[in-house]
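The structure appears below as structure tokens.
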Amino acid sequence: MQSWTRPPVPTLPGDPQLQRRSALRLHDTASGSIRPTSPGKTATLYVCGITPYDATHLGHAATYLAFDLVQRVWLDNGHQVHFVQNITDIDDPLLERAARDNIDWHELAESQIQLFRDDMTALRVLPPQDYIGAVEAMDEISPAVQRLLDTGAAYRVDDPEYPDVYFDTASAPKFGYESQYDLATMLELSAARGGDPDRPGKRNALDPVLWRMERPGEPSWPSSMGPGRAGWHIECAVIAGDRLGSTIDVQGGGSDLIFPHHEFSAAHAEVLTGLSPFARHYTHAAMIALDGEKMSKSRGNLVFVSRLLADGVDPMAIRTALLAGHYRQDRPWSGDLLAAAGERLARWRAAASRTQGTSCVDVVTALREALIDDLDTPTALGILDWWAGDDTLEGGVVAEAADALLGITLR
């Protein structure tokens with residue numbers, strides 16, 4: 006699948022070898038701690054993509070901005086980055102929305118994927134090298150499901166009409182290590198987030214579907230198990246593993262993906278490869294709220310990036326507003342937040358135009374240190390405020406740093 010255009014990333018002054026000694030530290034959900042990332046020459050990143058039936062709201066944008074910063078810090082530290090993202094371009098919500106609006110599901114998916122590309126381009130998010138739709142990956146996912154069946158890690162549910170293939174949770178001895186949730190919480194989240202814990206015939210209520218057999222009126226793909234389509238969690242496990250290897254540096258997404266999606270995608274991958282862990286860091290971005298409630302499709306309280314852009318909002322103001330809070334902190338969205346971001350941008354842009362003044366190498370160092378510390382964007386933006394408020398400091402180097410490290414262009 007086509008990705009989007011990559012924005013230029015300035016190279017900042019400094020010794021890359023010295024920079025690399027201060028590794029990016031990120032929160033890891035599995036350990037509950039902030040730990041240094043430890044990539045090799047090429048850092049590997051997988052971030053779960055959208056289901057394209059309604060994109061892109063500010064909750065999506067906040068998540069993708071967080072992992073855009075991960076890439077930017079790694080690049081500044083001298084690493085290459087191999088970033089992979091899926092797009093779940095076939096799933097029940099997409100089919101339901103297409104049926105509701107009397108539109109072909111392919112057409113709906115493509116329109117929303119293009120909207121997502123446009124939004125990411127406007128926000129200057131670095132694109133994935135591999136942008137893979139579930140539909141185009143079906144031929145690699147179905148053999149992986151068959152391997153799980155062959156090894157006994159999967160089974161067919163006892164249903165003569167729809168003998169779907171399920172993952173046997175008991176086949177993953179470390180299951181639960183990522184989320185650290187108790188059984189009651191897992192069951193509740195499974196029911197709320199696409200699972201079917203009450204389906205008869207399953208070995209374990211938590212077992213997720215790997216291959217959904219063809220239903221009347223639904224699209225399907227051929228496989229050794231019969232026509233059908235892949236489950237959500239196995240989709241990401243295979244797409245990531247086939248491109249990044251058995252263990253990746255960071256798996257990222259929103260905090261609503263901790264369970265069941267990331268827990269099961271890791272379990273699937275680890276059973277397929279026999280290696281653990283699937284990711285060295287499981288890092289999750291918090292939720293964006295509107296009027297005190299999490300922004301979500303089910304609540305109908307979404308603020309869309311495309312609508313803000315259509316209203317003439319500067320995309321850098323959107324980016325600045327979302328970076329004003331820490332990526333791991335649930336935080337509200339408001340018009341006041343956006344207005345404050347616009348005012349900040351105006352001050353920073355005025356400062357960026359200064360051609361005379363004291364060197365700002367120490368300001369750049371402070372920005373680097375803030376972002377290396379678990380992407381501390383509130384501190385980083387505060388440093389820019391301080392720099393902009395001191396008219397004895399020159400503008401060019403800091404403007405380049407804001408672009409390279411924060412993705413905020415001031416020129």
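Counting from 6, one number per residue, gives the positions in the sequence shown under the working numbering. Cβ coordinates follow ideal geometry from the N, Cα and C atoms, glycine included.
Burial state of residue i (16 or more Cβ within 10 Å)
i       : result
Ala-235 : buried
Lys-46  : exposed
Ile-263 : buried
Asn-107 : exposed
Thr-156 : exposed
Ser-195 : buried
Leu-410 : buried
Tyr-58  : buried
Asp-316 : exposed
Arg-416 : exposed
Pro-221 : exposed
Pro-13  : exposed
Asp-173 : buried
Ala-294 : buried
Tyr-171 : buried
Ser-36  : exposed
Ser-358 : exposed
Which residues DSSP lists as bridging residue i, in chain order
i       : result
Pro-337 : Ala-294
Thr-363 : Leu-398
Phe-309 : His-62
Gly-347 : BP columns for Gly-347 are empty, so no partner.
His-32  : Ile-39
Arg-286 : The sequence given here places His at residue 286; Arg does not occur at that position. DSSP, once it has assigned bridges, lists Val-255 as partnering His-286.
Asp-378 : Arg-30
Arg-248 : Answer is none; Arg-248 lacks a bridge partner.
Arg-234 : Arg-217
Trp-226 : Gly-233
Residue i to residue j span [Cα, whole Å]
i       : j       : result
Glu-101 : Glu-223 : 11 angstroms
Ile-244 : Ile-92  : 10 angstroms
Thr-56  : Gly-233 : 18 angstroms
Ala-189 : Ala-393 : 51 angstroms
Glu-115 : Val-310 : 17 angstroms
Gly-257 : Cys-53  : 7 angstroms
Ala-242 : Ala-104 : 29 angstroms
Phe-269 : Thr-360 : 53 angstroms
Ser-43  : Leu-280 : 18 angstroms
Ala-28  : Ile-377 : 7 angstroms
Gly-386 : Ala-356 : Note on residue identity: the sequence assigns Leu, not Gly, to residue 386. So the alpha carbons of these two residues sit roughly 14 angstroms apart.
Glu-298 : Arg-304 : 8 angstroms
Ala-417 : Ser-147 : Since the displayed the chain opens at 6 and closes at 416, residue 417 lies outside it and no answer follows.
His-238 : Arg-198 : 12 angstroms
Arg-333 : Ala-290 : 5 angstroms
Leu-372 : Arg-285 : 25 angstroms
Ala-210 : Arg-204 : 8 angstroms
Gly-362 : Val-75  : 31 angstroms
Val-318 : Gly-330 : 19 angstroms
His-273 : Arg-208 : 16 angstroms
Ala-60  : Ala-48  : 28 angstroms
Arg-30  : Asp-81  : 14 angstroms
inquiry  = Suppose only complete runs of 4+ residues qualify. What are the alpha helix (DSSP H) ranges in the segment 135 to 221, listed by chain order?
reply    = 143 to 155 and 188 to 197
query = If you scan the segment 43 to 123 from start to end, which runs of the beta strand (DSSP E) of 3 or more residues do you find wholly inside it?
reply = 47 to 52 and 85 to 92
message = For the segment 63 to 71 against the segment 111 to 131, do three or more pairs of beta-carbon atoms, one drawn from each stretch, fall closer than 8 angstroms, so that the two count as touching?
response = yes
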